[in-house]
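S.K.:
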Amino acid sequence: MRRIPILMYHQVTPTPAAGFAKYTVTPKAFAAQMRWLAITGRTPITMTTLVQARLASQGWPSRPVVITFDDGFRDCVEFALPVLQRHRFIAVFYLVAGLMGRTSRWMASAAGLRFPLVDWTAARSIQDAGMECGAHSVTHPPLATCSAARGREELVASRRILEDRLGREVLDFAYPYGSVTPGVRTMAAEAGYRSACTGEKRLATDEDDLLLLPRVPVYGGESLLDFAWRLRTAERPGQWVRRKLRRGGHA
Ligand SMILES: [Zn+2]
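In terms of the numbering used here, the sequence shown is numbered consecutively and its last residue is 269.
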């Protein structure tokens, strides 16, 4: 069974906000992580490549990795995109179609935060740089708790809006908050998506449901060793060791 890490980033900025530090990687840490991918011979691939390889039962390139960014924070374009381009890496940006050029207002109630989101010009520059844009709903609700009609609209309209404005097919989705049920998954299929990422934390395999792909989170404040270990196990070394010990019955 082949396994592939689908890295999940959110914010990349030099000044992590207190309420969102866990999901914020500094540009320095991000540069070190991308350098690690380069020197360890990793090949970043898009969702298109991942899906096509799966559907055609072809092999992935050797040592593949998928780099994804949820939410479309403007700082990611300023601080992560140049690093990706320097390495000629490709990544997938999941955009909130109804809030382009505005702020992450879905974070306001819980964390009291609002970050600027990319506008259409920035989204096109991401695309022109060879990156892939996917959908992350229209307004970023947890789809598992939405009515069927609202959930369907979030899936269908975000795809339509992004395709209209970017002039390209949008076939990849990331569930906001990783919130998904069997019903939501079915609606994603009906909306025409070929892949969808969850927040389930493990490496993806070539047997996974393409509409329920797990990911490897990259959190702020973690070391390069944590990152290297996550690439292989989705966990930090300590977590991985504790789990192995539990499974071995020694803990
Ligand atoms: Zn999100």
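Using N, Cα and C, we set each Cβ at its ideal position, and we do this for glycine too.
Where Q51 and S75 are concerned, what is the direct C-alpha to C-alpha distance, given to the nearest angstrom?
M.R.: So the two alpha carbons sit approximately 30 Å from each other.
S.K.: Say the cut is 8 Å; is the CB of A35 nearer than that to a heavy atom of ligand 1?
M.R.: No, the beta carbon of A35 sits no closer than 8 Å to any heavy atom of ligand 1.
S.K.: Compare the C-alpha of F91 against each of H154, T61 and P232 and name the closest.
M.R.: With distances taken between Cα atoms, F91 lies closest to H154.
S.K.: To the nearest angstrom, how far is it from the Cα of P34 to the Cα of A214?
M.R.: Spanning the two alpha carbons is a distance of roughly 28 Å.
S.K.: Do the stretch 147-164 and the stretch 103-120 touch if we need at least three Cβ pairs shorter than 8 Å?
M.R.: Contact between the stretch 147-164 and the stretch 103-120 is present, because at least three Cβ pairs lie under 8 Å.
S.K.: Is it buried or exposed for T216, if we count other Cβ within 10 angstroms and need 16 for buried?
M.R.: Per the 10 Å Cβ criterion, buried.
S.K.: Let me check you understand the geometry: is the CB of V114 closer than 8 Å to at least one non-hydrogen atom of ligand 1?
M.R.: Yes, ligand 1 has a heavy atom inside 8 Å of this Cβ.
S.K.: Quick test of your reading: F107 and P62, contact by CB under 8 Å. State the CB separation rounded to the nearest angstrom.
M.R.: Right, their Cβ atoms sit about 4 Å apart.
S.K.: Report buried or exposed for Q103, applying the criterion of at least 16 other Cβ atoms within 10 angstroms of its Cβ.
M.R.: It is exposed - the Cβ of Q103 has fewer than 16 other Cβ atoms within 10 Å.
S.K.: Output needed for E218: all residues of its chain with C-beta closer than 6 Å, excluding positions within five of it in sequence on either side, in chain order.
M.R.: Within the same chain, E218 has close Cβ partners P232.
S.K.: Give the C-beta separation of D93 and G152 to the nearest angstrom, bearing in mind that I take them to be a contact with Cβ-Cβ under 8 Å.
M.R.: Their Cβ separation, rounded to whole angstroms, is 19 Å, which puts D93 and G152 out of contact at 8 Å.
S.K.: Buried or exposed: I57, going by 16 or more other Cβ atoms within 10 Å of its Cβ?
M.R.: Exposed is the call here.
S.K.: Apply the 10 Å Cβ neighbour rule to A209 and answer buried if 16 or more other Cβ atoms are within range, or exposed otherwise.
M.R.: Buried, because 16 or more other Cβ atoms sit within 10 Å of the Cβ of A209.
S.K.: Out of curiosity, what's the CA-to-CA distance linking L249 and S197?
M.R.: Each residue's Cα considered, the two are about 23 Å apart.
S.K.: Quick check on the DSSP output: the beta strand (DSSP E) that includes F111 runs from which residue to which?
M.R.: Per DSSP, F111 belongs to the beta strand (DSSP E) from V110 to L113.
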